[in-house]
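Asks: Numbering (our numbering), first residue to last: 29 to 355.
#1: What residues in its chain sit with their C-beta under 6 Å from that of residue 237, if we drop five residues either side in the sequence?
#2: From what residue to what residue does the beta strand (DSSP E) around residue 95 run?
#3: Nearest to residue 112 by CA position, among 106, 127, 88, is which residue?
#4: Assuming residue 107 and residue 79 make a contact with CB atoms under 8 Å, what is their CB distance in whole Å?
#5: Is residue 123 helix, strand or coil when you go by DSSP?
#6: Grab me the residues of residue 94's own chain with a C-beta within less than 7 Å of its C-beta, minus the 5 sequence neighbours each way, in chain order.
#7: Residues in its own chain within less than 8 Å of residue 135 by CB, not counting five upstream and five downstream?
#8: Buried or exposed: which applies to residue 40, given that a residue is buried once 16 or more other Cβ atoms fall within 10 Å of its Cβ?
#9: Pick out the complete alpha helix (DSSP H) segments inside the stretch 175 to 214, 4 residues or longer, and give them in chain order.
#10: Just to confirm, are residue 157 and residue 185 a CB contact at a threshold of 7 Å?
#11: Relative to the C-alpha of residue 332, which candidate in 312, 300, 126, 316 has its C-alpha closest?
#12: Does residue 76 have its Cβ less than 7 Å from a Cβ in chain D?
#13: Which same chain residues, not among the five before or five after residue 340, have their C-beta less than 6 Å away from its C-beta?
Spelled out as structure tokens, the structure:
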């Protein structure tokens with residue numbers, strides 16, 4: 029596992045981290061989660077050098093955090109970096125231009141969920157406390173600023189992060205200028221290259237760590253979706269991959285499949301494209317099986333993609349705007 033510097037926090041973390049949404053299951057999430065398989069996958073990730081784990085209270089209503097806390101207990105010899113997110117009080121993902129900070133992240137709500145997360149993790153502090161939705165209009169509001177500063181001063185959190193709304197990498201730039209944000213989590217993959225335009229240069233200038241999420245475009249970039257793909261009742265993908273999105277996604281994946289090099293899988297290509305960018309501190313694929321862990325972490329040690337292939341991948345950029353189904 030290769031390591032990269034995690035922005036101004038100075039941590040050296042594995043460049044392939046672990047996204048823990050799918051591992052917890054639960055209402056509004058991914059179906060098919062299994063704790064025994066999940067724990068085995070987490071343990072294998074640690075064995076292979078993974079040390080950055082990204083969760084949120086809403087992933088299984090605290091279940092993912094408890095799984096992560098147990099992982100820490102099973103590996104006391106390892107320094108594992110723990111990142112979590114408090115849910116918006118109005119339970120609305122993503123936020124909108126009409127969302128008010130006082131209704132989404134009032135101070136008492138942030139404190140409540142920090143303590144819930146610490147209890148679930150079983151740790152005295154969390155390394156990275158990330159806002160799960162964000163509006164840049166909130167940038168200069170003292171309510172959140174004073175809260176995170178106090179959390180840091182009391183030693184309950186070590187860093188502050190923002191998970192940027194889907195397809196809105198610009199919706200954090202003012203907030204970065206406050207100097208209070210240590211990390212930004214953003215959708216970045218072969219299709220979603222827009223963060224390179226403004227967000228990555230700003231993070232580079234301010235020494236803010238970049239966490240690349242959704243590396244497989246919610247499954248499109250695994251190459252396994254078809255126009256007939258459906259999921260069990262309750263799986264959020266049924267509401268995301270509506271026909272309009274599913275057909276367009278499959279068509280783009282089919283075009284991409286034509287340039288996947290022989291001997292390489294599409295998921296491997298997807299991760300290696302992200303890791304080619306030095307602005308990325310770590311990428312956080314979801315991994316529910318040991319086989320996924322081994323395949324994804326192996327990309328950390330792969331050689332850089334050729335300039336010719338990278339140029340071809342650039343042509344697969346897909347600029348999208350949020351819609352009623354994009355979530």
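Beta carbons are placed, not taken as given, at the ideal position from N, Cα and C, and that holds for glycine.
Replies: Looking at the coordinates:
#1: Contacts found: 34, 35, 211, 309.
#2: Counted as a single uninterrupted DSSP element, the stretch harbouring residue 95 is not any beta strand (DSSP E) but the alpha helix (DSSP H) occupying residues 91 to 102.
#3: Taking only the C-alpha atoms, the option nearest residue 112 is 88.
#4: That belief holds up - the Cβ atoms of residue 107 and residue 79 are roughly 6 Å apart, short of 8 Å.
#5: Note: residue 123 maps to coil in three-state DSSP.
#6: If you ignore the 5 residues before and after residue 94, its C-beta comes within less than 7 Å of the C-beta of 148, all in its own chain and listed in chain order.
#7: Spatial neighbours of residue 135 in its own chain (CB-CB distance under 8 Å, excluding positions within 5 residues in sequence) are listed in chain order as 171, 172, 174, 175.
#8: By the neighbour-count rule (16 or more Cβ atoms within 10 Å), residue 40 is not buried but exposed.
#9: Listed in chain order, they are 201 to 204.
#10: In contact: residue 157 and residue 185 (Cβ atoms closer than 7 Å).
#11: When each option's Cα is compared against that of residue 332, the closest is 300.
#12: Protein chains in the displayed structure number just one, and chain D is not present.
#13: Residues of the same chain with a CB within less than 6 Å of the CB of residue 340, apart from the 5 flanking positions on each side, are 287 in chain order.
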